[in-house]
Amino acid sequence: MSTWASKTIMHCWASRGAACWLQSMPCVSPPEGLKALIIANSPADMHTWVSEANRLREDLPAEVQAALLKHEKAETLKDPEYLKASRVFYDRHVCRITPWPEEVKRTFDAIDADPTVYHAMNGPTEFHVIGTMKDWTIVNRLKLISVPALLISGKYDEATPLVVKPYVDNVPDISWSIFEESSHMPHAEERMACMGRVAGFLDTLVERVEESAA
Numbered sequence: 070m071s072t073w074a075s076k077t078i079m080h081c082w083a084s085r086g087a088a089c090w091l092q093s094m095p096c097v098s099p100p101e102g103l104k105a106l107i108i109a110n111s112p113a114d115m116h117t118w119v120s121e122a123n124r125l126r127e128d129l130p131a132e133v134q135a136a137l138l139k140h141e142k143a144e145t146l147k148d149p150e151y152l153k154a155s156r157v158f159y160d161r162h163v164c165r166i167t168p169w170p171e172e173v174k175r176t177f178d179a180i181d182a183d184p185t186v187y188h189a190m191n192g193p194t195e196f197h198v199i200g201t202m203k204d205w206t207i208v209n210r211l212k213l214i215s216v217p218a219l220l221i222s223g224k225y226d227e228a229t230p231l232v233v234k235p236y237v238d239n240v241p242d243i244s245w246s247i248f249e250e251s252s253h254m255p256h257a258e259e260r261m262a263c264m265g266r267v268a269g270f271l272d273t274l275v276e277r278v279e280e281s282a283a
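In this note's numbering, the protein residues as written are 70 to 283.
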């Protein structure tokens, strides 16, 4: 097994889980074999996520905002008008490629086929958060993450700079890359640039190990 045997990249929901897992370990003894963490487009606090989502919604066309509010108030969240209005937000702040890449479409099709977990934990959409995670936060424990970390977000991301900034402010060893042509999915929207940044981050870790061993 190589020195940098385990490097974990997590996107959005998975990043939240990885951060929880890591900070639950004693900071002087990270999980055996884990040497790095890549946090992609993930909130550190759901109240900030919702606040920023509401701010982004204010920039949507007036008729879209009205449709969203009408159906959220009426709890008619499966109405085609609500789904169509939600897609306007998604096309701006979740994935800006039109049409969506097959892997993105497949993911959302799977959620639509069985939304049980997503709806229970999050809510019906990315921005209407009424599930069990609505009060989730990890901000006060991020300092316990003890491995080098890379934070990824997009310029048009629903995970805005304010949403992801707690990672930058609190994780001791972290760097941050913002992808200028991406929203929530730089790995799909700017695949080559994003994967290049990931590879560069991992190469830097190898260099650090080699330097420390010299």
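Ideal placement from N, C-alpha and C gives every residue a C-beta, glycine not left out.
Can you name the residues that DSSP bridges to TRP245? For TRP245, which the question treats as bridged, DSSP gives the partners LEU220.
Looking at the unbroken alpha helix (DSSP H) that takes in LYS153, where does it start and where does it end? LYS153 -> alpha helix (DSSP H) spans 149-162.
Unbroken alpha helix (DSSP H) run spanning LYS174, endpoints: LYS174 -> alpha helix (DSSP H) spans 171-182.
Contact the region 101-113 vs the region 231-238: 3+ CB pairs below 8 Å: The answer is yes - the region 231-238 touches the region 101-113, with three or more Cβ pairs under 8 Å.
Under a Cβ-count criterion, where at least 16 other Cβ atoms within 10 Å of its own Cβ denotes burial, should SER281 be classed as buried or exposed? Exposed.
Alpha carbon of GLY265 to alpha carbon of LEU220, nearest angstrom: Computed Cα separation, rounded: 14 Å.
With three or more C-beta pairs closer than 8 Å as the rule, is the region 235-245 touching the region 143-161? Contact between the region 143-161 and the region 235-245 is absent, because fewer than three Cβ pairs lie under 8 Å.
Mind checking who THR206 pairs with in its DSSP beta bridge? The partner list for THR206 (beta bridge, DSSP) reads ASP114.
For ILE166 and ALA257, which I take to be in contact (beta-carbon distance under 8 Å), what is that distance rounded to the nearest angstrom? ILE166 to ALA257, Cβ: 7 Å. Contact.
Buried or exposed for GLU127, please, with buried defined as at least 16 other CB atoms from any protein chain shown within 10 angstroms of its CB. GLU127 counts as exposed, since fewer than 16 other beta carbons sit within 10 angstroms of its beta carbon.
If you draw a straight line from the C-alpha of GLY269 to the C-alpha of LEU103, how long is it? Going by C-alpha positions, GLY269 is about 18 Å away from LEU103.
What three-state label does DSSP hand SER84 in the structure shown? At SER84 the pLDDT is 49, less than 50, meaning the model places this residue with poor confidence; the figure from the coordinates comes in the next sentence. DSSP, read as helix, strand or coil, puts SER84 in helix.
DSSP on GLN92, reduced to helix/strand/coil? Because GLN92 carries a pLDDT of 48, less than 50, the predicted location of this residue cannot be relied on, and the following value inherits that uncertainty. Note: GLN92 maps to helix in three-state DSSP.
What three-state label does DSSP hand LEU106 in the structure shown? Note: LEU106 maps to strand in three-state DSSP.
With distances taken from CA atoms, which of ASN239, TRP169, HIS253, ASP160 is nearest VAL208? Nearest C-alpha to VAL208: ASN239.
If you count every other CB in all the chains shown that lies within 10 Å of the CB of GLU279, and 16 or more means buried, which is it? Of the residues assessed, GLU279 falls on the exposed side of the cut-off, its CB having fewer than 16 other CB atoms within 10 angstroms.
Measuring only the C-alpha atoms, how far is GLY200 from GLU276? When rounded, the distance between both Cα atoms is 43 Å.
Does the Cβ-Cβ distance between ALA105 and ALA218 come in under 8 Å? It is a contact, given that the beta carbons lie within the stated cut-off.
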